[in-house]
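Engineer:
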Amino acid sequence: MPATFATSDPHGHLAELTAALREAGLLDGESRWSGGDARLWVLGDLLDRGPDGLGVIALVRRLVDEAAQAGGAVLPVLGNHEVIALGMRRFGDARIVHRGLVRTFESIWARNGGRDTDQAGIDDELFDWLAGLPAIGLDGDHLLMHSDTTAYLQWGGSVEAINDAVRATLADDDPVAWFDVLVRLSQRHEYAGSAGPLAARRLLHTLGGERIVHGHSIIGDLFGERCDSYSEPRLYCDGLALDIDGGIYEGGPCLVARLSV
Ligand SMILES: [Mn+2]
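Under the UniProt record's numbering, think of the first position of the sequence shown as 1, with each following residue one higher.
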């Protein structure tokens, strides 16, 4: 059984991501894959907010190839910021009437750390790569996703059905359907509090796995702690959920969780 790791929400912080993966033994001094047959999940929000989203994407894409050649795997997952950036690219300031409200991807992109430098690098080829990312994955006992929400179940009752539905929407150009993807992937904190375990069990029972691994919600925000006060992923929700978003753009650590031996 190869070792399995997960990281999330690098948000353009290439240097911090590189250092964290090196510390975990997955990159060598030249930033080449050195993880052998290990598996590394990257749970989305590669770009926006930080200085070098395109650099993060380029690293992840190279590692996908290098890990595969070494018998391992690097497995990126779609985050809400990929949807924001792609929606900005495709629809810009077009007015979208969504649930009775007039919205634009541009205003959401601008309010949430969108970067012109990232937009400039999203050509057709990169657009298709990002739009084709899976929304959710199952790896042994771990159910991996970007956002801590049960909204994934609105797309279907299996990992395959969810991924197919999200991919089909992003391959099309219906702005309202795109906005639905963004709204669902922007939800959060649904595994926290007294109702959290029931929500998590519902997701695990339907999709498989014994534990959810997610990013999207910074540990410090979720638990009311300073982002520089922790250095490990946070297991919560009766042990059913693991939050691995350290909050890199808020001064928190870039976490690499080891999910198995
Ligand atoms: Mn997010």
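We treat Cβ as the ideally placed atom computed from N, Cα and C, and that holds for glycine.
Quick caveat: nothing in here was measured; it's all calculated off a predicted structure.
Could you pull the start and end residues of the alpha helix (DSSP H) that M88 belongs to?
Structural biologist: On the sequence shown, position 88 is the one that residue 88 refers to. Segment 80 to 91, the alpha helix (DSSP H) holding M88.
Engineer: Check whether chain D comes within 9 Å of E66, counting only Cβ atoms and requiring the distance to be less than that.
Structural biologist: Absent from the structure: chain D. Only one protein chain is present.
Engineer: At 4 residues or longer, what runs of the alpha helix (DSSP H) sit wholly inside the segment 106 to 155?
Structural biologist: Complete alpha helix (DSSP H) runs here, min 4: 116 to 120, 124 to 131.
Engineer: Given this structure, state the Cα-to-Cα distance separating D37 from T7, to the nearest angstrom.
Structural biologist: By one-based count along the sequence shown, residue 37 stands at place 37. By one-based count along the sequence shown, residue 7 stands at place 7. Each residue's Cα considered, the two are about 17 Å apart.
Engineer: Counting pairs of beta carbons, one from the segment 200 to 207 and one from the segment 226 to 234, are three or more of them closer than 8 Å?
Structural biologist: Not touching, per the Cβ criterion.
Engineer: Just the C-alpha distance for H81 and T104, rounded to the nearest angstrom, thanks.
Structural biologist: On the sequence shown, position 81 is the one that residue 81 refers to. On the sequence shown, position 104 is the one that residue 104 refers to. In a straight line, the C-alpha of H81 is about 15 Å away from that of T104.
Engineer: In chain order, what are the residues with a CB under 5 Å from some non-hydrogen atom of ligand 1?
Structural biologist: Qualifying residues, in the order they occur: D45, G79, N80, H216.
Engineer: Compare the beta carbon distance of A151 and Q119 with 9 Å and say whether it is the shorter of the two.
Structural biologist: Locating residue 151 in the sequence shown gives position 151, counting from the first residue. Locating residue 119 in the sequence shown gives position 119, counting from the first residue. In this structure, Q119 does not lie closer than 9 Å to A151 by Cβ.
Engineer: List the endpoints of the continuous beta strand (DSSP E) containing W41.
Structural biologist: Start at 1 with the first residue of the sequence shown, and residue 41 comes out as number 41. Per DSSP, W41 belongs to the beta strand (DSSP E) from 39 to 42.
Engineer: Between the beta-carbon of W33 and the beta-carbon of V74, is there less than 9 Å?
Structural biologist: Taking the sequence shown and counting its residues from 1, the one referred to as residue 33 is at position 33. Taking the sequence shown and counting its residues from 1, the one referred to as residue 74 is at position 74. Yes. Within cutoff.
Engineer: Please report how far the alpha carbon of G50 lies from the alpha carbon of H11, in whole angstroms.
Structural biologist: The residue you call residue 50 lines up with position 50 of the sequence shown. The residue you call residue 11 lines up with position 11 of the sequence shown. Cα-Cα distance, rounded: 5 Å.
Engineer: In chain order, what residues of the same chain lie with their CB nearer than 7 Å to the CB of E106, ignoring the 5 residues before and after it?
Structural biologist: Translated into the one-based positions of the sequence shown, residue 106 becomes position 106. Same-chain partners within the cutoff: M88, G92, D93.
Engineer: Would you report the Cα separation of L78 and H146, rounded to the nearest angstrom?
Structural biologist: Translated into the one-based positions of the sequence shown, residue 78 becomes position 78. Translated into the one-based positions of the sequence shown, residue 146 becomes position 146. Roughly 7 Å separates the two Cα atoms.
Engineer: How is the alpha helix (DSSP H) around T18 delimited, first residue to last?
Structural biologist: Working through the sequence shown from its first residue, we reach residue 18 at position 18. Counting along the chain, the alpha helix (DSSP H) containing T18 begins and ends at 14 to 23.
Engineer: Is DSSP giving Y236 helix, strand or coil here?
Structural biologist: Against the sequence shown, residue 236 aligns to sequence position 236. In this structure, Y236 counts as strand in the three-state DSSP scheme.
Engineer: Whole angstroms is fine: what's the gap from T206's alpha carbon to L133's?
Structural biologist: Taking the sequence shown and counting its residues from 1, the one referred to as residue 206 is at position 206. Taking the sequence shown and counting its residues from 1, the one referred to as residue 133 is at position 133. If I take the Cα positions, the gap works out to 21 Å.
Engineer: Kindly list the residues whose CB is nearer than 7 Å to the CB of L153, restricted to its own chain and excluding five residues on each side of it in sequence; keep chain order.
Structural biologist: As a first step, residue 153 must be located in the sequence shown, where it is residue number 153. Result list for L153: L203, T206, in chain order.
Engineer: Determine the closest residue to S158 out of G209, E250, A20, with distance taken between C-alpha atoms.
Structural biologist: The count along the sequence shown starts at 1 and reaches residue 158 at position 158. Minimum Cα distance to S158 is reached at G209.
Engineer: Might you give, ordered along the chain, the residues of its own chain that have their beta carbon closer than 6 Å to the beta carbon of L101, omitting 5 neighbours on each side?
Structural biologist: Taking the first residue of the sequence shown as position 1, residue 101 is located at position 101. Answer for L101: no residue qualifies.
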